[in-house]
Amino acid sequence: MDKENKENKKQVPLRLQASLWKELNAWAEDDFRSLNGQIEYLLTECVKKRKKSGDS
Numbered sequence: 013m014d015k016e017n018k019e020n021k022k023q024v025p026l027r028l029q030a031s032l033w034k035e036l037n038a039w040a041e042d043d044f045r046s047l048n049g050q051i052e053y054l055l056t057e058c059v060k061k062r063k064k065s066g067d068s
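Residue numbers (our numbering): 13 to 68.
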């Protein structure tokens with residue numbers, strides 16, 4: 013990741029149920045991503061789908 017992209021990222025505190033954390037963490041490992049990377053990927057995909065469906 014280049015410096016410009018890193019500077020454009022925002023930090024968000026997030027609390028998750030332990031069971032959801034375990035599921036997301038296992039999924040991230042399966043996809044060779046960090047937990048943070050997996051959450052960002054999933055949120056990005058959801059936003060793309062929302063835009064495509066015209067719900068924006």
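Here a beta-carbon is modelled for each residue, glycine too, at the ideal position from N, C-alpha and C.
Since the structure is predicted, the reported quantities are computational estimates derived from the model, not experimental observations.
Problem - Boundaries of the alpha helix (DSSP H) in which SER46 is found, first to last residue - result: Within the sequence shown, the letter at position 34 stands for residue 46. It is not in any alpha helix (DSSP H) - SER46 carries neither H nor E in the DSSP assignment.
Exercise for the section: For GLN29, count neighbouring C-beta atoms within 10 Å of its own C-beta (all shown protein chains included) and say buried if the count is 16 or more, exposed if not. Expected result: The residue you call residue 29 lines up with position 17 of the sequence shown. It counts as exposed.
Problem - Residue environment, GLN50, which counts as buried when at least 16 other CB atoms sit within 10 Å - result: The residue labelled residue 50 in the question sits at position 38 within the sequence shown. Buried is the call here.
Exercise for the section: Please state whether DSSP places SER31 in a helix, a strand or coil. Expected result: On the sequence shown, position 19 is the one that residue 31 refers to. DSSP places SER31 in helix when its eight states are reduced to three.
Handout entry: Continuous alpha helix (DSSP H) stretch holding LYS15: start and end
Key = By one-based count along the sequence shown, residue 15 stands at place 3. LYS15 -> alpha helix (DSSP H) spans 15–19.
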